[in-house]
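Protein chains in written order, with this note's numbering: chain A, 1 to 888; chain B, 889 to 998. Cβ coordinates follow ideal geometry from the N, Cα and C atoms, glycine included. Predicted, not measured: the structure shown is a model, and the values here were computed from it. Heads up, the thing below is written out as structure tokens.
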Amino acid sequence: MWLDELWRRLRIMTRRREFEADLEEEMRLHLDLRAEDSSDPWAARRRFGNTTQIKEASREMWTIGSSLGAIWQDAKYGLRSLARTRGFAMLAVLTLALGIGSSVAVFSVVNTILLAPLPYPQADRMVIPWVIPPKYSAFAYDVFPWSPRQFRILRTLSIFDPFGAFKGGTFNLTGQGDPVSLKGVRVSYGFFPAVGISPALGRWFTAEEDQPGRDNEVMLSDRLWRERFSADPAILGRSIDLDGQPHTVIGVMPAGFAFPHAEEMPDFFDLPKEAQVWVPLAVPPAPLKPEPSELAAVARLRAGVTPKQAQAAMDADFTARLEREFPQYKGFFNTKLTPLATQMTAQARTPLLLILGAVALVLLIASANVANLLLARSLVRKREFALRAALGAGSGRLMRQVLTESLVLALAGGVAGLAVGQAGIQLMKALGPGNLTHLQEVTLDARVFAFGLAVSLVTGILFGLAPAIGAARSELAESLKESGSRTGGSASRTRLRSLLVIGEVALALVLVIAAGLLTRTFIEMLRTNPGFRPEHVLTFELTLPALKYPDQTRMARVYMNAMDRLRSEPGIEAAGLAQVVPMGGSPDSTTFRVIGRPLPPKQAEQPYGAYTVATPGFFAALGVPILRGRDLAATDTADSTRVVVINTSMALKFFGGEDPIGKQMDFANNSFPPMTVVGIVGDVKQESLGESPMPRMYAPVTQKTWTPLQTMQVALRTRDDPSVAAGYAREAIRSVDPQLPVSKLRTMAAVVDDSLARPRFAMVLVGAFGVFALALASIGTYGVVSYFVRQRTREIGVRMALGAGRADVLGMVVGEGVRLAGIGVALGIGAALAATPLMARFLYGVRPADPVTFIGLAALLIAITLAACFIPARRAMRLDPNIALREE
Amino acid sequence: MSVRDEIPPGTLHMLILRTLSRRGEMHGFEIANSIQQISGEVLQVEEGSLYPALQRVLIMGWVTAKWGVTTGNRRARYYKLTRAGRNQLESELAQYRRVSDAILRVIEST
Chain A
1 MWLDELWRRL RIMTRRREFE ADLEEEMRLH LDLRAEDSSD PWAARRRFGN TTQIKEASRE
61 MWTIGSSLGA IWQDAKYGLR SLARTRGFAM LAVLTLALGI GSSVAVFSVV NTILLAPLPY
121 PQADRMVIPW VIPPKYSAFA YDVFPWSPRQ FRILRTLSIF DPFGAFKGGT FNLTGQGDPV
181 SLKGVRVSYG FFPAVGISPA LGRWFTAEED QPGRDNEVML SDRLWRERFS ADPAILGRSI
241 DLDGQPHTVI GVMPAGFAFP HAEEMPDFFD LPKEAQVWVP LAVPPAPLKP EPSELAAVAR
301 LRAGVTPKQA QAAMDADFTA RLEREFPQYK GFFNTKLTPL ATQMTAQART PLLLILGAVA
361 LVLLIASANV ANLLLARSLV RKREFALRAA LGAGSGRLMR QVLTESLVLA LAGGVAGLAV
421 GQAGIQLMKA LGPGNLTHLQ EVTLDARVFA FGLAVSLVTG ILFGLAPAIG AARSELAESL
481 KESGSRTGGS ASRTRLRSLL VIGEVALALV LVIAAGLLTR TFIEMLRTNP GFRPEHVLTF
541 ELTLPALKYP DQTRMARVYM NAMDRLRSEP GIEAAGLAQV VPMGGSPDST TFRVIGRPLP
601 PKQAEQPYGA YTVATPGFFA ALGVPILRGR DLAATDTADS TRVVVINTSM ALKFFGGEDP
661 IGKQMDFANN SFPPMTVVGI VGDVKQESLG ESPMPRMYAP VTQKTWTPLQ TMQVALRTRD
721 DPSVAAGYAR EAIRSVDPQL PVSKLRTMAA VVDDSLARPR FAMVLVGAFG VFALALASIG
781 TYGVVSYFVR QRTREIGVRM ALGAGRADVL GMVVGEGVRL AGIGVALGIG AALAATPLMA
841 RFLYGVRPAD PVTFIGLAAL LIAITLAACF IPARRAMRLD PNIALREE
Chain B
889 MSVRDEIPPG TLHMLILRTL SRRGEMHGFE IANSIQQISG EVLQVEEGSL YPALQRVLIM
949 GWVTAKWGVT TGNRRARYYK LTRAGRNQLE SELAQYRRVS DAILRVIEST
């Protein structure tokens with residue numbers, strides 16, 4: 001039944017013109033017939049009433065319950081009326097395009113990075129298990145790696161199926177062209193089944209191959225296979241030399257397989273950004289020697305096991321068991337199971353949410369601005385609406401009209417916004433930090449389009465609502481009485497416009513304060529003393545083949561020889577190496593004991609610091625000052641006194657005010673011989689220019705070390721352009737051992753600059769949004785103050801006639817602007833005080849409530865809004881009282 | 889001129905249907921005239937309500953319309969009751985009688 005009705009309505013709608021003509025003709029006939037009936041044709045017409053209204057009422061009949069037709073009509077009407085007021089329409093569409101466009105651009109990044117589905121089968125069953133440190137501890141990380149001992153327990157737990165462990169590794173590929181250092185991953189045999197991606201060629205590792213002594217297999221990445229082995233289809237079974245040892249190729253992973261990715265895991269793992277090889281981890285079945293905790297894990301929950309059950313099993317079978325075994329470390333065996341999706345986006349989530357928040361503010365301000373424009377326009381259109389109301393349009397009808405026009409505007413803005421968004425995406429790709437995973441894959445896809453459409457509709461309703469309600473409430477008689485040129489707004493509407501501008505100013509202030517804090521952070525990072533001088537420093541990485549350099553003595557010797565050889569180059573002032581150069585990664589950290597001082601029983605309260613192995617000359621090459629004592633020296637040998645150099649932070653923190661030189665320290669928890677402090681060096685920023693100083697110690701490569709020495713980073717101080725030195729530095733290394741691969745060859749300045757990519761990205765993006773918000777807020781203020789002047793033209797005229805000077809008029813107009821800006825700024829400061837603590841982790845060298853930033857930017861905002869008042873104020877001052885008074 | 893009363897709201901379409909059920913095909917002017925004449929010139933059909941009401945019954949599927957020629961050789965739209973319209977009329981008439989009988993009883997009870 002209702003279907004028939006719908007069909008009839010649709011038919012009428014689609015053949016609207018015809019039906020209108022029918023109605024028209026029918027009514028004309030009626031009129032004619034009546035006129036013939038009657039003696040007075042005009043009486044007939046009068047009796048017939050208002051034909052337009054009858055037509056309108058008849059049309060309403062068609063559209064009850066299905067207002068599609070009316071909306072289309074409204075939309076057409078809206079487009080026509082927008083075309084008539086081109087300036088207004090362009091300003092509104094442009095504002096919306098920028099607001100919607102920046103949202104679309106940011107959302108497309110969020111869409112790709114945070115919302116994209118994971119490329120693994122049943123990824124929702126995948127977890128990354130972690131050890132979590134005790135709550136009271138002050139460690140730099142919120143998760144810890146596993147020890148091999150813990151791994152042996154974990155892989156027996158029945159909640160996981162399968163369970164795999166992995167850690168980063170570097171492998172020298174020789175006998176295949178130039179020696180090259182490959183970045184890879186050592187994985188237990190459960191790793192690939194847990195990840196669930198089959199090789200494109202060959203097979204996974206077996207349990208037998210994952211044992212010490214049997215672990216001479218390797219899987220290649222697609223790229224390595226293509227670039228080094230020319231995509232040889234017969235690669236399987238071939239033997240390649242890694243670290244001087246033959247490894248049988250058993251598989252090639254598909255293109256694009258990149259698990260684990262450095263950016264998705266905590267940085268202490270030193271995982272590759274793009275793994276080239278996977279080699280068996282081969283954890284021995286029982287500990288042979290002290291084993292460092294350096295394993296990450298990936299697992300699938302066994303079918304039917306919920307995350308809650310899994311966590312309960314971890315608590316019972318792992319945590320409780322180890323706490324029974326090692327009661328003194330109670331609290332250090334707690335675990336958590338992080339869903340893979342969370343783990344993979346953990347590093348990118350917070351900065352993206354910050355930017356998303358900023359762009360939401362921009363969109364709000366843009367909406368407020370367009371609402372303001374529409375309100376101003378609805379005053380001009382007041383008579384139009386009054387006329388339509390007089391002709392019989394109901395208030396619902398008028399409201400719908402205004403809302404439809406807003407939506408037309410919003411959709412136009414949305415379409416333009418997609419173009420702006422596309423440009424924004426290109427801009428972000430160009431500016432974005434290279435280490436933001438997947439940034440280069442960002443595109444406008446269907447989901448982004450849907451988002452853009454939804455944002456357009458929501459903003460359209462948002463900024464269209466106020467004028468729509470205004471239109472519906474417009475008082476007929478009063479509006480008609482007003483003349484066309486003088487349009488006075490009702491008090492409530494003026495208040496609404498003022499409120500919108502106040503809101504815009506407040507939101508804009510929050511945004512510029514955020515941008516200001518990020519800018520100050522960036523400047524502070526540039527201005528901060530990094531503790532080293534990056535100019536004229538060249539850095540590269542050396543990796544020793546394990547077979548040729550099986551023990552520390554031989555490793556230390558080749559490192560020392562290489563440094564001597566480099567120092568003999570006339571262009572090189574100083575040369576040294578260490579496990580990591582500043583901004584080159586994170587060194588290992590450990591608890592330690594100062595001999596002669598009590599050691600707190602709780603591990604979390606014990607002295608804790610970074611441990612880096614280095615050669616003499618490392619500090620000189622980087623320009624790190626030796627403040628007391630001496631540098632590491634060639635005379636510190638395996639047989640001489642074991643020495644260590646510490647930094648200022650460590651000297652101040654753990655020696656109770658005594659002179660550390662000559663004091664001894666050791667690692668409290670393993671039987672490592674004590675070291676004597678021989679020197680104190682300045683604090684060096686290691687991982688980021690924005691870090692606070694951390695206690696650090698440096699041990700010579702020539703004495704027994706706690707950490708492996710296979711990979712080292714070299715720093716060279718050159719007399720001239722460091723990039724020129726690259727050539728002879730490479731040559732020098734080759735003369736020491738032609739098999740040593742030199743990788744990551746870069747100037748220190750470039751390394752430092754790279755470390756600034758993220759803060760720079762955040763600053764530029766939020767800064768751009770801030771500038772945009774400022775512009776919008778000043779346009780909004782300009783609109784409201786201009787309106788204020790127009791509304792008071794007569795009042796101003798009266799005042800001037802009564803002797804008020806131009807200064808008084810200026811004061812009156814500017815006073816209005818100051819009032820709006822002042823309230824907005826006050827609210828904005830309050831909102832910013834509440835909001836900026838959320839971004840504390842992005843800040844360095846500046847407090848979230850930094851008074852300089854707050855006051856400076858508030859003043860800037862007030863100055864800009866005052867400038868926006870200037871044009872209307874000038875107009876007011878130039879009013880001729882004679883003319884102003886004659887205005888109605 | 890005789891006294892004319894407004895048609896109570898909501899009853900115009902019933903009168904249209906009733907008129908059409910009696911006379912077959914009619915155009916708008918004839919419908920209006922017919923209602924006025926039959927009511928003894930008491931009911932005045934406002935054109936302002938006639939055409940919206942005609943659109944309504946058309947949409948509800950109670951009548952169909954097609955263009956024809958009047959006796960005076962003019963093009964006019966002729967309305968005709970449908971089966972659905974007849975059913976609607978019957979149920980509305982039944983209800984109207986029930987209600988007006990009841991009202992009468994109340995008014996005339998002593």
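is_contact[residue i, chain A] using C-beta, thresh 8 Å
i: residue 924 of chain B; result: no
i: residue 939 of chain B; result: yes
Where residue i meets chain B, residues with beta-carbon distance less than 7 Å
i: residue 33 of chain A; result: 917
Whole-angstrom distance between residue j and residue i, CA atom to CA atom
i: residue 430 of chain A; j: residue 363 of chain A; result: 23 Å
i: residue 328 of chain A; j: residue 600 of chain A; result: 12 Å
i: residue 388 of chain A; j: residue 52 of chain A; result: 11 Å
i: residue 618 of chain A; j: residue 535 of chain A; result: 15 Å
i: residue 760 of chain A; j: residue 858 of chain A; result: 23 Å
i: residue 456 of chain A; j: residue 510 of chain A; result: 23 Å
i: residue 123 of chain A; j: residue 538 of chain A; result: 43 Å
i: residue 442 of chain A; j: residue 425 of chain A; result: 7 Å
i: residue 177 of chain A; j: residue 262 of chain A; result: 27 Å
i: residue 342 of chain A; j: residue 348 of chain A; result: 10 Å
i: residue 133 of chain A; j: residue 688 of chain A; result: 23 Å
i: residue 159 of chain A; j: residue 319 of chain A; result: 15 Å
i: residue 354 of chain A; j: residue 649 of chain A; result: 32 Å
i: residue 547 of chain A; j: residue 166 of chain A; result: 22 Å
i: residue 845 of chain A; j: residue 525 of chain A; result: 8 Å
i: residue 701 of chain A; j: residue 655 of chain A; result: 25 Å
i: residue 882 of chain A; j: residue 811 of chain A; result: 21 Å
i: residue 956 of chain B; j: residue 963 of chain B; result: 6 Å
i: residue 275 of chain A; j: residue 253 of chain A; result: 10 Å
Amino acids of chain B, ordered along the chain, whose beta-carbon sits closer than 8 Å to that of residue i
i: residue 25 of chain A; result: 963 and 965
CB contact check: residue i to chain B, cutoff 8 Å
i: residue 16 of chain A; result: no
Listed by chain order, chain A residues near residue i by CB distance under 8 Å
i: residue 895 of chain B; result: Per Cβ cutoff of 8 Å: no residues; residue 895 of chain B is ~15 Å from chain A at best.
Residues bridged to residue i (per DSSP)
i: residue 327 of chain A; result: According to DSSP, residue 327 of chain A bridges with nothing at all.
i: residue 239 of chain A; result: A/248
i: residue 377 of chain A; result: None; residue 377 of chain A has no bridge partner.
i: residue 664 of chain A; result: A/676
i: residue 965 of chain B; result: B/955
i: residue 541 of chain A; result: A/713 and A/743
i: residue 882 of chain A; result: Partner(s): none; residue 882 of chain A has no beta bridge.
i: residue 589 of chain A; result: A/610
i: residue 220 of chain A; result: A/252 and A/277
i: residue 914 of chain B; result: B/967
i: residue 164 of chain A; result: A/298
Per-residue contacts from residue i into chain B (C-beta, under 9 Å)
i: residue 29 of chain A; result: 915, 916, 917, 958, 962, 963, 964 and 965
i: residue 53 of chain A; result: 936
Proximal chain E residues relative to residue i, where beta-carbon distance stays under 9 Å
i: residue 22 of chain A; result: Of the protein chains in this structure, namely A and B, none is chain E.
Proximity test, residue i beta-carbon vs the ligand NAD heavy atom, cut-off 7 Å
i: residue 172 of chain A; result: The ligand content of the structure shown is nil, which means the ligand NAD is not present either.
**Item:** Whole alpha helix (DSSP H) elements within the segment 256 to 318 of chain A, 4-residue minimum
**Value:** The qualifying runs are 307 to 314.
**Asked** Where are the beta strand (DSSP E) runs, 3 residues long or more, that stay fully inside the segment 668 to 745 of chain A, in chain order?
**Response** With a minimum length of 3 residues, the unbroken runs of beta strand (DSSP E) contained wholly in the segment 668 to 745 of chain A fall at 675 to 681, 696 to 700 and 711 to 718.
**Item:** Contiguous alpha helix (DSSP H) assignments of at least 4 residues, all confined to the segment 592 to 645 of chain A
**Value:** For the segment 592 to 645 of chain A, whole alpha helix (DSSP H) runs of length 4 or above, ordered along the chain, are 618 to 622.
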